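What follows is a set of notes on a single structure, which appears directly below.
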Amino acid sequence: MVTAAPALLEVRGLGIRYGDKVALQGVDLQVRPNEIFGLIGPANAGKTSFLRAINRMDEFVPNMRVEGEVRFAGHDVQHITNLYALRRRIGVVFPLPVGLPLSIYDNVALAPRLRGMRSRADLDAIVERCLRRAALWDEVKDRLQNLGSLLSGGQQQRLTIARALSQEPALLLLDEFSIAVDPVTTMRIEEVLKELRQELTIVLVTNLVQQARRLADRTAFFLGGRCVEIAETESLFSGGAKDQRTIDYLEGRFG
Amino acid sequence: MTRTPTSTHDSLARELARRDAAWWRDLAARLAVSIGGVSTILFIVAIFAFIGSQGFEFAWNRLSWSELFFGTRWEPTVSPPTYGAWAMIAGTAWITAVAMLVAVPLSFCAAVYIGEFATGRRREWLKILVELLAAIPSVVWGVIGLQVFNPMIQSVFGVQIGLNVLNAGLILGLMAAPIMTTLAEDALKAVPDSYREAAEALGATRWQVIYKVVLPHARPGLSAAVLLGIGRAFGETIAVLMASGHTLMAPGSVFDSAATLTATIAAELGEAAVDSDHYQALFVLGLVLFFITFAINLLADRIVRGRRRS
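Keeping their order, the protein sequence lines are chains A and B.
If you read the first sequence in this note's numbering, its first letter stands for residue 5, the second for the next number, and so on.
If you read the second sequence in this note's numbering, its first letter stands for residue 2, the second for the next number, and so on.
Structure (structure tokens):
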């Protein structure tokens, strides 16, 4: 584990409100380069709001207010010069798949094209690599020109993952990526995520405690808008949790 | 290919601090769009300012507002002149009301048929036809009022004059129906198919699905369609002028001839000397019209928006 390198993502005193409703408060954490950072907690814990603050999705929610500081590669994201570069470098997979109304090929080739890539050969290579990584290639390789929005739910979810990978993110935010994906395919994607750790950093929000255990290097437990505990995943799951609420949650006594 | 974390960090930081070509293009496009958007508002303000400037001095100094709204005599050319617009306001209201009685059932039925029952090629053809109907010039409708509806009303109802509120209302209703149909159909189309499927899975009949699920969900859009239809009816000029009989008296029944605000302006502005009291009084009528249509459009907008927020 790299410890000397500066944190890729640094969050200090992060608070999020929707109107009067507090969704998150006082969150401090760091995500190190090339780690998988797990985020677990019951519904309404503030997990998704946390992700929204990272790549400035708050702009799309009219009454969402973000306090505190989020630093990505040393830049405060609230005052970043090139917001689009930030979003390009942070891939997001939302829990409900969004297949854009383009062909499967164009869905995956969109981000590279937006970056200015024109060469058919380069695009072909990226599309195939990303679809393979998202464990979708074998199912769609013969119909890449079909509409992406007509795939099944689970396939669209994998298409979304392939699309997020195609923008070559430095940080990948996964919000319940396996919600519509069958267990076997989920396992295949999890294997890919482990390999991706070589190239990028992942923040993995999940309702499946065991998924965090399988994948995450470190895991944070969110509850009611607060970060209760952050620890090395192995120690958290092998009796090292310090907070009683974390222990209860891990053992399935609530949430 | 493993990048070392530190170099990733530095190159990332540089990328985030750089305004690239896409960033500048984005800025330019945003500016261009804003200029277009702001100029729309400028045009509206300019039109308002023009109408206001022509009628304001007269309205402020020499016009009695109570006479304007409640006076029954519009006699700008006799001495002393009177400027009572009640007959025109009443005429406009009567004709619009009749128009909506015609247009609402017609357009809603058409929209439900096109949106919920017609399929495939028939549906596409119907939509094209409806749009064609919307493109018929209003003077043609006026001629239909004069030459077709006029004798028809005379013989069916046994009245002396067929150019009346009923005639103008029918014409306006038929004119407003196509655009209302299109808008209503859009509102129906915006209801997700999953709602229909969920309701049909419960054993609901087609009509029950439409009545209990589709129409309630589409209600804001349908209300907006009606309001925009009313706005259309209010603003229509030439067809009404031809079909209404243009008589400056408040109608007592649908068989009385009537005059509308728009038709009066159109008929008299050419005769009134520029800057005369009569000329300015007509601009005051324009202001009244402007505010009524503005209020209707605002209301329609609020209804549609209210839906989105909830």
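Every residue, glycine too, gets a C-beta built ideally from N, C-alpha and C.
Predicted model only: the values in this text are computed from it and were never measured.
In DSSP terms, what residue i is bridged to
{"i": "D179(A)", "result": "V209(A)"}
{"i": "A168(A)", "result": "DSSP, once it has assigned bridges, lists no residue as partnering A168(A)."}
{"i": "A235(A)", "result": "T223(A)"}
{"i": "M68(A)", "result": "Y22(A)"}
{"i": "E76(B)", "result": "T83(B)"}
{"i": "G246(B)", "result": "A259(B)"}
{"i": "V166(B)", "result": "Partner(s): none; V166(B) has no beta bridge."}
{"i": "S40(B)", "result": "None, per the DSSP bridge assignment."}
{"i": "S107(A)", "result": "L151(A)"}
{"i": "R230(A)", "result": "L227(A)"}
Chain B within 8 Å of residue i, Cβ atoms only
{"i": "L197(A)", "result": "no"}
{"i": "G158(A)", "result": "no"}
{"i": "I277(A)", "result": "The displayed coordinates of chain A run from 5 to 259. Any statement about residue 277(A) would go beyond what the structure contains."}
{"i": "R93(A)", "result": "yes"}
{"i": "Y88(A)", "result": "yes"}
{"i": "P10(A)", "result": "yes"}
{"i": "H79(A)", "result": "yes"}
{"i": "P37(A)", "result": "yes"}
{"i": "I84(A)", "result": "yes"}
{"i": "T174(A)", "result": "Correcting the residue identity first, residue 174(A) is Ala in this sequence and not Thr. So, interface residue."}
Minimum Cβ-Cβ distance from residue i to chain C less than 8 Å
{"i": "P46(A)", "result": "Any reference to chain C falls outside this structure, whose protein chains are A and B."}
Cβ neighbour criterion (16 or more within 10 Å) applied to residue i
{"i": "F54(A)", "result": "buried"}
{"i": "A138(A)", "result": "buried"}
{"i": "W75(B)", "result": "buried"}
{"i": "V275(B)", "result": "exposed"}
{"i": "D11(B)", "result": "exposed"}
{"i": "G174(B)", "result": "buried"}
{"i": "P37(A)", "result": "buried"}
{"i": "T210(A)", "result": "buried"}
{"i": "G23(A)", "result": "exposed"}
Sub-8 Å separation of residue i and residue j beta-carbons
{"i": "V74(A)", "j": "L18(A)", "result": "yes"}
{"i": "G146(B)", "j": "A177(B)", "result": "no"}
{"i": "R222(A)", "j": "T237(A)", "result": "yes"}
{"i": "A57(A)", "j": "I94(A)", "result": "no"}
{"i": "V241(B)", "j": "I96(B)", "result": "yes"}
{"i": "L90(A)", "j": "R60(A)", "result": "yes"}
{"i": "L167(B)", "j": "V99(B)", "result": "yes"}
{"i": "I84(A)", "j": "R201(A)", "result": "no"}
{"i": "F181(A)", "j": "G50(A)", "result": "no"}
{"i": "F98(A)", "j": "D179(A)", "result": "yes"}
{"i": "H247(B)", "j": "A234(B)", "result": "no"}
{"i": "D112(A)", "j": "S156(A)", "result": "A small fix is needed here, since residue 112(A) is Val in this sequence, not Asp. Result no, Cβ atoms of V112(A) and S156(A) do not sit closer than 8 Å."}
{"i": "Q149(A)", "j": "Y109(A)", "result": "yes"}
{"i": "I90(B)", "j": "L262(B)", "result": "yes"}
{"i": "L33(A)", "j": "A168(A)", "result": "no"}
{"i": "L189(B)", "j": "E132(B)", "result": "no"}
Alpha carbon of residue i to alpha carbon of residue j, nearest angstrom
{"i": "R306(B)", "j": "A88(B)", "result": "35 Å"}
{"i": "G222(B)", "j": "T183(B)", "result": "11 Å"}
{"i": "H57(B)", "j": "Y84(B)", "result": "Looking at the sequence shown, residue 57(B) is not His but Phe. Cα-Cα distance, rounded: 15 Å."}
{"i": "G92(B)", "j": "R220(B)", "result": "29 Å"}
{"i": "T3(B)", "j": "L175(A)", "result": "Bear in mind that the predicted position of T3(B) carries a pLDDT of just 45, short of 50, making it too unreliable to give a figure here."}
{"i": "K246(A)", "j": "E233(A)", "result": "8 Å"}
{"i": "A205(B)", "j": "V192(B)", "result": "17 Å"}
{"i": "Q209(B)", "j": "L203(B)", "result": "11 Å"}
{"i": "L283(B)", "j": "I266(B)", "result": "6 Å"}
{"i": "I180(B)", "j": "D302(B)", "result": "16 Å"}
{"i": "L114(A)", "j": "G230(B)", "result": "42 Å"}
{"i": "G158(A)", "j": "I193(A)", "result": "12 Å"}
{"i": "Q281(B)", "j": "L299(B)", "result": "27 Å"}
{"i": "A185(B)", "j": "R122(B)", "result": "20 Å"}
{"i": "L290(B)", "j": "E237(B)", "result": "11 Å"}
{"i": "E4(A)", "j": "I165(A)", "result": "Because chain A here runs from 5 to 259, residue 4(A) falls outside it and cannot be looked at."}
{"i": "A259(B)", "j": "Q161(B)", "result": "15 Å"}
{"i": "T294(B)", "j": "I129(B)", "result": "28 Å"}
Chain A contact for residue i (CB, 8 Å cutoff)
{"i": "R19(B)", "result": "yes"}
{"i": "W24(B)", "result": "yes"}
{"i": "L13(B)", "result": "yes"}
{"i": "D194(B)", "result": "no"}
{"i": "D27(B)", "result": "yes"}
{"i": "E76(B)", "result": "no"}
{"i": "E16(B)", "result": "yes"}
{"i": "H247(B)", "result": "no"}
{"i": "T9(B)", "result": "yes"}
{"i": "R306(B)", "result": "no"}
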